[in-house]
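FYI, the working numbering numbers position 252 of the sequence shown as 257, with every residue one higher than the one before it.
Presented below is the structure to which this report refers.
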Amino acid sequence: MNNKTKSLVLSGAAVALATPMSSALALDDVLGFGAWINYQYDVDDDASEDRYGDLDFESFNIYANHQHGDWFFDGEVRLGWGSFQGTGISEDESDAAANRSVIGIKELAIGRHYGEEWTMTVGKTEVPFTYSRFNFWPGERLASGFGDQYNPGIRFDFDPVNNPMDMSFMYIKSQNWGTDTTSLDDGTLGHWGSNDTYHKINTLVADLGFTQGDFRYGASLQAGQLANQEHDDFTAGEETETHWAAGLYTEGTVGAWDLAGQLVHYDQGDTDEFDDDLDITTQGSGQVGMLSAGFNAGDWYHYGDLTGRAPDSDRERDDTTYDLVLGSRYNYGPGFIYAELQLENITDQEEGVSGHEYDDDEYEFTQTVNLTMDYYF
(Lines of atoms letter the chains of each structure in order from A; the text may use other names.)
(Lines give C-alpha, C1' and ligand atoms only; values in the text may rest on other atoms or scores of the structure.)
Protein backbone atom coordinates (compact mmCIF):
# COMPACT_ATOMS: atom_id res chain seq x y z
CA MET A 6 0.00 0.00 0.00
CA ASN A 7 1.62 3.25 -1.07
CA ASN A 8 1.43 6.56 0.75
CA LYS A 9 -1.55 7.74 -1.32
CA THR A 10 -3.75 5.18 0.46
CA LYS A 11 -1.86 4.63 3.69
CA SER A 12 -3.50 7.56 5.48
CA LEU A 13 -5.15 6.30 8.65
CA VAL A 14 -7.93 8.88 8.36
CA LEU A 15 -9.79 9.45 5.10
CA SER A 16 -11.24 12.87 4.38
CA GLY A 17 -14.96 13.27 3.76
CA ALA A 18 -14.40 13.59 0.02
CA ALA A 19 -12.16 10.52 -0.07
CA VAL A 20 -14.67 8.42 1.86
CA ALA A 21 -17.43 9.55 -0.46
CA LEU A 22 -15.46 8.23 -3.41
CA ALA A 23 -14.07 5.09 -1.81
CA THR A 24 -17.06 3.66 0.01
CA PRO A 25 -19.66 3.36 -2.78
CA MET A 26 -17.06 1.91 -5.16
CA SER A 27 -15.29 -0.35 -2.67
CA SER A 28 -16.67 -3.58 -4.17
CA ALA A 29 -15.79 -2.49 -7.69
CA LEU A 30 -12.23 -1.52 -6.79
CA ALA A 31 -11.37 -5.20 -6.35
CA LEU A 32 -11.68 -5.62 -10.14
CA ASP A 33 -8.94 -4.90 -12.68
CA ASP A 34 -11.11 -2.54 -14.72
CA VAL A 35 -13.37 0.09 -13.20
CA LEU A 36 -15.42 2.75 -14.93
CA GLY A 37 -17.52 4.70 -12.46
CA PHE A 38 -19.69 7.78 -12.46
CA GLY A 39 -20.79 10.22 -9.80
CA ALA A 40 -22.54 13.51 -9.26
CA TRP A 41 -23.16 16.07 -6.56
CA ILE A 42 -25.34 19.12 -6.07
CA ASN A 43 -25.12 21.73 -3.35
CA TYR A 44 -27.56 24.06 -1.63
CA GLN A 45 -25.97 27.13 -0.06
CA TYR A 46 -27.48 29.77 2.20
CA ASP A 47 -25.32 32.73 3.19
CA VAL A 48 -26.73 34.06 6.45
CA ASP A 49 -24.92 37.38 6.07
CA ASP A 50 -25.83 38.08 2.43
CA ASP A 51 -29.05 39.99 1.70
CA ALA A 52 -29.33 38.58 -1.82
CA SER A 53 -29.03 35.01 -0.52
CA GLU A 54 -31.68 35.77 2.11
CA ASP A 55 -34.05 37.19 -0.53
CA ARG A 56 -33.67 34.06 -2.68
CA TYR A 57 -33.80 31.67 0.30
CA GLY A 58 -30.38 30.42 -0.72
CA ASP A 59 -29.25 28.82 -3.97
CA LEU A 60 -29.26 25.29 -5.35
CA ASP A 61 -26.14 25.29 -7.45
CA PHE A 62 -22.55 24.06 -7.90
CA GLU A 63 -23.39 20.88 -9.75
CA SER A 64 -20.78 18.40 -10.95
CA PHE A 65 -20.94 15.20 -13.01
CA ASN A 66 -17.84 13.05 -12.58
CA ILE A 67 -16.27 10.17 -14.51
CA TYR A 68 -13.79 7.84 -12.79
CA ALA A 69 -11.57 5.38 -14.68
CA ASN A 70 -9.18 2.88 -13.09
CA HIS A 71 -7.31 0.06 -14.80
CA GLN A 72 -4.73 -2.51 -13.65
CA HIS A 73 -2.55 -4.47 -16.08
CA GLY A 74 0.04 -6.54 -14.26
CA ASP A 75 2.24 -4.08 -12.38
CA TRP A 76 0.95 -1.16 -14.43
CA PHE A 77 -2.11 0.91 -13.55
CA PHE A 78 -4.10 3.92 -14.72
CA ASP A 79 -6.17 6.38 -12.66
CA GLY A 80 -8.31 9.16 -14.07
CA GLU A 81 -11.06 11.53 -12.94
CA VAL A 82 -12.91 14.05 -15.11
CA ARG A 83 -15.37 16.59 -13.68
CA LEU A 84 -18.01 18.49 -15.60
CA GLY A 85 -19.91 21.38 -14.09
CA TRP A 86 -19.73 24.55 -12.05
CA GLY A 87 -19.19 22.60 -8.83
CA SER A 88 -15.97 20.94 -9.96
CA PHE A 89 -13.79 22.74 -7.39
CA GLN A 90 -12.12 24.63 -10.20
CA GLY A 91 -10.49 26.96 -7.71
CA THR A 92 -8.89 30.25 -8.68
CA GLY A 93 -8.65 29.34 -12.35
CA ILE A 94 -12.27 30.42 -12.83
CA SER A 95 -12.56 34.03 -13.87
CA GLU A 96 -14.24 36.33 -11.38
CA ASP A 97 -15.45 38.56 -14.22
CA GLU A 98 -19.24 38.34 -14.23
CA SER A 99 -19.27 38.69 -18.01
CA ASP A 100 -17.53 35.30 -18.22
CA ALA A 101 -19.90 33.58 -15.80
CA ALA A 102 -22.07 31.96 -18.47
CA ALA A 103 -19.06 30.48 -20.25
CA ASN A 104 -17.57 29.23 -17.00
CA ARG A 105 -20.71 27.23 -16.20
CA SER A 106 -19.72 24.65 -18.80
CA VAL A 107 -16.34 23.83 -17.30
CA ILE A 108 -14.63 20.52 -17.93
CA GLY A 109 -11.67 19.71 -15.71
CA ILE A 110 -9.29 16.79 -15.31
CA LYS A 111 -8.77 16.21 -11.59
CA GLU A 112 -6.47 13.19 -12.08
CA LEU A 113 -4.83 11.58 -15.11
CA ALA A 114 -1.91 9.31 -14.25
CA ILE A 115 -0.09 6.16 -15.34
CA GLY A 116 1.88 4.20 -12.76
CA ARG A 117 3.82 1.04 -12.05
CA HIS A 118 4.42 -1.03 -8.94
CA TYR A 119 7.95 -2.32 -8.36
CA GLY A 120 7.56 -5.27 -6.03
CA GLU A 121 5.63 -4.60 -2.84
CA GLU A 122 7.55 -1.51 -1.79
CA TRP A 123 8.03 0.99 -4.63
CA THR A 124 5.43 2.72 -6.80
CA MET A 125 6.02 5.22 -9.60
CA THR A 126 3.24 7.49 -10.90
CA VAL A 127 3.52 9.81 -13.92
CA GLY A 128 0.92 12.43 -14.84
CA LYS A 129 -1.47 14.55 -12.84
CA THR A 130 -1.62 12.94 -9.42
CA GLU A 131 -1.94 13.75 -5.73
CA VAL A 132 0.80 15.86 -4.17
CA PRO A 133 2.16 14.18 -0.99
CA PHE A 134 1.93 17.13 1.39
CA THR A 135 0.39 16.83 4.91
CA TYR A 136 -3.27 15.71 5.01
CA SER A 137 -6.57 16.97 3.63
CA ARG A 138 -9.60 18.21 5.58
CA PHE A 139 -12.47 16.10 6.97
CA ASN A 140 -15.34 18.21 5.57
CA PHE A 141 -16.66 17.93 2.03
CA TRP A 142 -17.93 21.18 0.54
CA PRO A 143 -16.27 24.12 2.41
CA GLY A 144 -12.84 22.60 1.75
CA GLU A 145 -9.46 23.44 3.23
CA ARG A 146 -10.50 26.98 4.09
CA LEU A 147 -7.52 28.91 5.53
CA ALA A 148 -5.21 25.94 4.94
CA SER A 149 -6.05 25.97 1.24
CA GLY A 150 -3.14 25.59 -1.11
CA PHE A 151 -1.69 22.70 0.87
CA GLY A 152 -4.52 20.15 0.89
CA ASP A 153 -6.21 18.47 -2.07
CA GLN A 154 -3.33 19.27 -4.43
CA TYR A 155 -3.17 17.43 -7.77
CA ASN A 156 -0.37 18.50 -10.12
CA PRO A 157 1.33 17.05 -13.24
CA GLY A 158 4.72 15.49 -12.59
CA ILE A 159 6.35 12.26 -11.47
CA ARG A 160 5.91 10.72 -8.02
CA PHE A 161 7.68 7.89 -6.18
CA ASP A 162 6.29 6.12 -3.10
CA PHE A 163 8.31 3.81 -0.84
CA ASP A 164 6.36 1.75 1.70
CA PRO A 165 8.50 -1.13 3.01
CA VAL A 166 6.72 -4.21 4.31
CA ASN A 167 6.67 -4.64 8.10
CA ASN A 168 8.33 -1.27 8.59
CA PRO A 169 6.65 1.71 10.29
CA MET A 170 8.45 4.17 7.99
CA ASP A 171 7.18 5.31 4.59
CA MET A 172 8.17 8.12 2.24
CA SER A 173 7.00 9.84 -0.93
CA PHE A 174 8.77 12.13 -3.37
CA MET A 175 7.40 14.15 -6.27
CA TYR A 176 8.66 16.48 -8.95
CA ILE A 177 5.93 18.89 -10.07
CA LYS A 178 6.49 20.26 -13.56
CA SER A 179 3.63 22.73 -13.40
CA GLN A 180 0.51 23.48 -11.44
CA ASN A 181 -1.67 22.09 -14.20
CA TRP A 182 -1.28 21.15 -17.85
CA GLY A 183 0.54 23.92 -19.68
CA THR A 184 0.29 27.23 -17.83
CA ASP A 185 -3.30 26.77 -16.62
CA THR A 186 -3.92 27.30 -12.91
CA THR A 187 -7.40 25.71 -13.04
CA SER A 188 -6.14 22.63 -11.23
CA LEU A 189 -9.37 21.58 -9.44
CA ASP A 190 -7.53 22.01 -6.14
CA ASP A 191 -9.23 23.61 -3.18
CA GLY A 192 -7.54 26.94 -3.84
CA THR A 193 -9.97 29.14 -1.94
CA LEU A 194 -7.38 31.78 -1.08
CA GLY A 195 -5.62 31.70 -4.44
CA HIS A 196 -2.44 30.50 -2.77
CA TRP A 197 -0.92 29.40 -6.06
CA GLY A 198 -2.09 32.43 -8.00
CA SER A 199 -4.47 32.54 -10.96
CA ASN A 200 -4.42 32.63 -14.75
CA ASP A 201 -3.89 36.40 -14.47
CA THR A 202 -1.04 36.38 -11.94
CA TYR A 203 1.37 33.49 -11.26
CA HIS A 204 1.48 29.70 -10.96
CA LYS A 205 3.62 26.96 -9.39
CA ILE A 206 6.31 25.24 -11.52
CA ASN A 207 9.43 23.05 -11.08
CA THR A 208 8.68 22.10 -7.48
CA LEU A 209 10.16 19.26 -5.42
CA VAL A 210 8.02 17.66 -2.70
CA ALA A 211 8.97 15.15 -0.01
CA ASP A 212 6.88 13.48 2.68
CA LEU A 213 8.24 11.22 5.43
CA GLY A 214 5.92 9.27 7.71
CA PHE A 215 6.14 7.04 10.77
CA THR A 216 3.23 4.88 11.95
CA GLN A 217 3.00 3.86 15.58
CA GLY A 218 -0.13 2.15 16.84
CA ASP A 219 -3.21 3.92 15.50
CA PHE A 220 -1.41 7.17 14.59
CA ARG A 221 0.82 8.25 11.75
CA TYR A 222 3.25 11.14 12.21
CA GLY A 223 4.57 12.95 9.17
CA ALA A 224 6.74 15.78 7.89
CA SER A 225 6.30 17.38 4.47
CA LEU A 226 8.49 19.79 2.52
CA GLN A 227 8.13 21.47 -0.86
CA ALA A 228 10.23 24.05 -2.67
CA GLY A 229 10.28 25.40 -6.19
CA GLN A 230 9.44 28.28 -8.48
CA LEU A 231 6.55 30.64 -9.11
CA ALA A 232 6.20 31.91 -12.68
CA ASN A 233 4.20 34.85 -13.94
CA GLN A 234 1.32 34.32 -16.34
CA GLU A 235 0.78 36.27 -19.55
CA HIS A 236 0.76 39.87 -18.32
CA ASP A 237 0.84 43.08 -20.38
CA ASP A 238 4.21 43.12 -22.18
CA PHE A 239 5.54 40.02 -20.39
CA THR A 240 5.14 36.49 -21.71
CA ALA A 241 4.25 33.63 -19.37
CA GLY A 242 7.25 32.40 -17.37
CA GLU A 243 9.45 35.39 -18.10
CA GLU A 244 9.57 36.32 -14.41
CA THR A 245 10.12 33.66 -11.74
CA GLU A 246 10.53 33.69 -7.98
CA THR A 247 11.01 30.97 -5.39
CA HIS A 248 8.62 29.46 -2.85
CA TRP A 249 8.90 26.88 -0.10
CA ALA A 250 6.76 25.38 2.64
CA ALA A 251 7.31 22.89 5.46
CA GLY A 252 4.67 21.08 7.48
CA LEU A 253 4.38 18.78 10.48
CA TYR A 254 1.23 16.73 10.95
CA THR A 255 -0.35 13.69 12.57
CA GLU A 256 -3.52 11.69 12.02
CA GLY A 257 -5.04 8.62 13.61
CA THR A 258 -7.91 7.07 15.52
CA VAL A 259 -8.92 6.70 19.17
CA GLY A 260 -11.92 4.41 19.43
CA ALA A 261 -14.71 5.95 17.34
CA TRP A 262 -12.79 9.23 16.98
CA ASP A 263 -10.65 10.31 14.04
CA LEU A 264 -8.14 13.01 15.00
CA ALA A 265 -5.66 15.00 12.93
CA GLY A 266 -3.63 18.17 13.06
CA GLN A 267 -1.05 20.04 11.01
CA LEU A 268 1.12 23.14 11.14
CA VAL A 269 2.67 24.63 8.00
CA HIS A 270 5.10 27.49 7.45
CA TYR A 271 5.01 28.93 3.93
CA ASP A 272 7.16 31.50 2.17
CA GLN A 273 6.49 32.95 -1.27
CA GLY A 274 8.89 35.85 -0.76
CA ASP A 275 7.90 39.47 -0.26
CA THR A 276 4.60 40.44 -1.81
CA ASP A 277 6.44 42.68 -4.29
CA GLU A 278 8.99 40.05 -5.34
CA PHE A 279 7.89 40.09 -8.99
CA ASP A 280 8.91 42.90 -11.31
CA ASP A 281 7.04 46.10 -10.39
CA ASP A 282 5.75 46.34 -13.96
CA LEU A 283 3.83 43.09 -13.44
CA ASP A 284 1.86 44.40 -10.47
CA ILE A 285 1.74 40.86 -9.02
CA THR A 286 1.54 40.11 -5.31
CA THR A 287 2.00 36.66 -3.80
CA GLN A 288 0.74 35.26 -0.50
CA GLY A 289 3.96 36.38 1.16
CA SER A 290 4.95 34.28 4.17
CA GLY A 291 3.25 33.06 7.29
CA GLN A 292 1.83 30.08 9.12
CA VAL A 293 -1.28 27.98 8.63
CA GLY A 294 -2.71 25.32 10.91
CA MET A 295 -5.55 22.85 11.00
CA LEU A 296 -7.15 20.74 13.73
CA SER A 297 -9.66 18.09 12.65
CA ALA A 298 -11.90 15.70 14.56
CA GLY A 299 -14.48 13.18 13.39
CA PHE A 300 -16.79 10.78 15.22
CA ASN A 301 -18.11 7.55 13.69
CA ALA A 302 -21.72 6.73 14.63
CA GLY A 303 -22.92 4.00 12.27
CA ASP A 304 -24.25 5.53 9.08
CA TRP A 305 -23.58 8.98 10.54
CA TYR A 306 -20.22 10.73 10.73
CA HIS A 307 -19.85 14.02 12.63
CA TYR A 308 -16.78 16.20 12.08
CA GLY A 309 -15.16 19.57 12.45
CA ASP A 310 -12.21 21.41 10.90
CA LEU A 311 -10.64 24.44 12.56
CA THR A 312 -8.16 26.28 10.35
CA GLY A 313 -6.06 29.34 11.02
CA ARG A 314 -3.75 31.55 9.00
CA ALA A 315 -1.24 34.01 10.45
CA PRO A 316 0.32 36.03 7.60
CA ASP A 317 3.55 37.85 8.27
CA SER A 318 3.57 41.63 8.10
CA ASP A 319 4.33 41.75 4.36
CA ARG A 320 0.62 41.31 3.60
CA GLU A 321 -2.02 44.02 3.79
CA ARG A 322 -4.57 41.71 5.39
CA ASP A 323 -2.25 40.40 8.07
CA ASP A 324 -4.51 39.68 11.05
CA THR A 325 -4.45 36.13 12.36
CA THR A 326 -7.73 34.62 11.20
CA TYR A 327 -9.66 31.45 12.06
CA ASP A 328 -12.35 29.55 10.14
CA LEU A 329 -14.43 26.70 11.54
CA VAL A 330 -16.45 24.07 9.67
CA LEU A 331 -18.90 21.85 11.58
CA GLY A 332 -20.75 19.10 9.76
CA SER A 333 -22.46 15.72 9.67
CA ARG A 334 -22.47 13.16 6.89
CA TYR A 335 -25.13 10.46 6.41
CA ASN A 336 -24.47 7.34 4.34
CA TYR A 337 -27.74 6.62 2.52
CA GLY A 338 -26.28 3.86 0.31
CA PRO A 339 -25.14 5.03 -3.12
CA GLY A 340 -23.73 8.24 -1.69
CA PHE A 341 -23.75 10.71 1.16
CA ILE A 342 -25.82 13.64 2.37
CA TYR A 343 -23.84 16.43 4.05
CA ALA A 344 -25.02 19.22 6.34
CA GLU A 345 -22.20 21.71 6.98
CA LEU A 346 -21.95 25.05 8.74
CA GLN A 347 -19.11 27.27 7.55
CA LEU A 348 -17.95 30.00 9.92
CA GLU A 349 -15.42 32.46 8.48
CA ASN A 350 -13.30 34.90 10.46
CA ILE A 351 -14.78 33.74 13.75
CA THR A 352 -12.76 36.32 15.74
CA ASP A 353 -14.18 39.09 13.48
CA GLN A 354 -10.83 40.58 12.46
CA GLU A 355 -11.18 43.71 10.31
CA GLU A 356 -7.92 42.89 8.53
CA GLY A 357 -8.70 39.16 8.41
CA VAL A 358 -7.98 36.80 5.56
CA SER A 359 -11.59 35.56 5.23
CA GLY A 360 -15.14 36.79 5.78
CA HIS A 361 -17.34 39.28 3.95
CA GLU A 362 -15.89 42.61 2.87
CA TYR A 363 -18.00 45.41 4.30
CA ASP A 364 -16.02 48.68 4.17
CA ASP A 365 -12.75 49.68 2.49
CA ASP A 366 -11.27 46.18 2.50
CA GLU A 367 -12.33 45.49 6.07
CA TYR A 368 -13.84 42.08 6.76
CA GLU A 369 -16.36 40.60 9.18
CA PHE A 370 -17.56 37.30 10.61
CA THR A 371 -19.59 35.26 8.07
CA GLN A 372 -21.93 32.26 8.43
CA THR A 373 -22.88 29.95 5.55
CA VAL A 374 -24.97 26.77 5.52
CA ASN A 375 -24.24 24.08 2.91
CA LEU A 376 -26.42 21.03 2.18
CA THR A 377 -24.82 18.64 -0.32
CA MET A 378 -25.90 15.32 -1.79
CA ASP A 379 -23.77 13.04 -3.93
CA TYR A 380 -24.37 9.75 -5.75
CA TYR A 381 -21.91 7.21 -7.17
CA PHE A 382 -22.50 4.29 -9.53
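For glycine and all other residues, C-beta sits at the position ideal for the given N, C-alpha and C.
Take the Cβ of residue i as the centre, count every other Cβ of all protein chains shown within 10 Å, and call the residue buried at 16 or more, exposed below.
| i | result |
| --- | --- |
| Thr186 | buried |
| Asn375 | buried |
| Val330 | buried |
| Tyr381 | buried |
| Tyr155 | buried |
| Met175 | buried |
| Asp190 | buried |
| Ser99 | With a pLDDT of 42 at Ser99, under the threshold of 50, the predicted position of this residue should be treated as unreliable, and no value is reported. |
| Ala261 | exposed |
| Lys129 | buried |
| Pro339 | exposed |
| His248 | buried |
| Tyr306 | buried |
| Glu243 | exposed |
| Ala102 | Because Ala102 carries a pLDDT of 47, less than 50, the predicted location of this residue cannot be relied on, and no value is offered for it. |
Among the options, which one has its Cα closest to the Cα of residue i?
| i | options | result |
| --- | --- | --- |
| Thr268 | Glu256, Asp55, Trp262, Gly274 | Inspection of the sequence shows that residue 268 is occupied by Leu rather than by Thr. Residue Glu256 is the option with its Cα nearest to Leu268. |
| Gly39 | Ser64, Phe370, Asp50, Tyr46 | Ser64 |
| Ser333 | Glu345, Gly242, Ser179, Thr326 | Glu345 |
| Asp282 | Met378, Asn168, Phe239 | Phe239 |
| Gly218 | Tyr337, Gly252, Asn168, Gln230 | Asn168 |
| Glu131 | Pro143, Tyr119, Trp142, Ile115 | Ile115 |
| Ala302 | Asn336, Glu321, Asp280, Met295 | Asn336 |
| Thr276 | Thr287, His270, Gly266 | Thr287 |
| Ile342 | Ser359, Ser188, Ile42 | Ile42 |
| Tyr203 | Leu189, Ser179, Leu226, Phe220 | Ser179 |
| Trp142 | Ser88, Thr184, Glu362 | Ser88 |
| Gly85 | His71, Gln72, Ile110 | Ile110 |
| Gly58 | Asn66, Tyr68, Tyr46, Ile67 | Tyr46 |
| Ala224 | Phe151, Ile159, Asp304, Ala241 | Phe151 |
| Glu321 | Gly289, Trp305, Glu349 | Gly289 |
| Ala241 | Ile206, Pro165, Gly229, Asp328 | Ile206 |
| Asp317 | Gly274, Phe279, Pro165 | Gly274 |
| His118 | Asp366, Phe161, Glu112 | Phe161 |
| Met378 | Pro157, Leu36, Tyr44, Gly252 | Tyr44 |
According to DSSP, which residues form a beta bridge with residue i?
| i | result |
| --- | --- |
| Asn350 | Its beta-bridge partners do not exist; DSSP assigns none. |
| Ile285 | None; Ile285 has no bridge partner. |
| Ala344 | Ser333, Leu376 |
| Phe382 | Paired residues: none, contrary to the question. |
| Thr312 | Met295, Asp328 |
| Glu121 | According to DSSP, Glu121 bridges with nothing at all. |
| Thr276 | Per DSSP, none; premise fails for Thr276. |
| Tyr46 | Val374 |
| Asp364 | Glu367 |
| Pro339 | Answer is none; Pro339 lacks a bridge partner. |
| Glu356 | Answer by DSSP bridge pairing: none, since Glu356 is not bridged. |
Check whether the Cβ of residue i lies closer than 8 Å to any Cβ atom in chain D.
| i | result |
| --- | --- |
| Thr373 | In the displayed structure, chain D is absent; only one protein chain is listed. |
Please determine if the segment 228-239 and the segment 191-205 are in contact, where contact requires at least 3 C-beta pairs separated by less than 8 Å.
Between the segment 228-239 and the segment 191-205 there are three or more C-beta pairs closer than 8 Å, enough to call the two in contact.
Determine contact between the segment 129-145 and the segment 298-313, defined as no fewer than three beta-carbon pairs at a distance below 8 Å.
Contact check between the segment 129-145 and the segment 298-313: three or more CB pairs, one atom from each, fall below 8 Å, which counts as touching.
Could you tell me which uninterrupted beta strand (DSSP E) segments, each at least 3 residues in length, are contained entirely in the segment 161-202, listed from first to last along the chain?
Within the segment 161-202, the complete beta strand (DSSP E) runs of at least 3 residues are 170-179.
Does the contact criterion of 3 or more C-beta pairs under 8 Å hold for the segment 367-381 versus the segment 350-359?
Here the segment 367-381 lies against the segment 350-359, with 3 or more beta-carbon pairs under 8 Å apart.
Threshold first: 3 residues or longer. Then list the beta strand (DSSP E) segments lying entirely within the segment 195-255, N to C.
Considered as a whole, the segment 195-255 harbours 203-217, 220-233 as its complete beta strand (DSSP E) runs of no fewer than 3 residues, in chain order.
Within the chosen definition, does the segment 71-78 reach the segment 50-60 through at least 3 CB pairs nearer than 8 Å?
No: the two stretches stay apart, fewer than three of their Cβ pairs being nearer than 8 Å.
Counting Cβ pairs, one atom from each stretch, are 3 or more of them under 8 Å apart for the segment 290-298 and the segment 258-268?
With a cut-off of 8 Å, the segment 258-268 and the segment 290-298 count as touching, because enough Cβ pairs lie within range.
Runs of 3 residues minimum, wholly inside the segment 50-80: which ones carry the beta strand (DSSP E) assignment?
Complete beta strand (DSSP E) runs here, min 3: 59-73.
Enumerate, from N- to C-terminal direction, the unbroken alpha helix (DSSP H) stretches of 4 or more residues contained entirely within the segment 123-148.
Qualifying alpha helix (DSSP H) stretches: none in this window.
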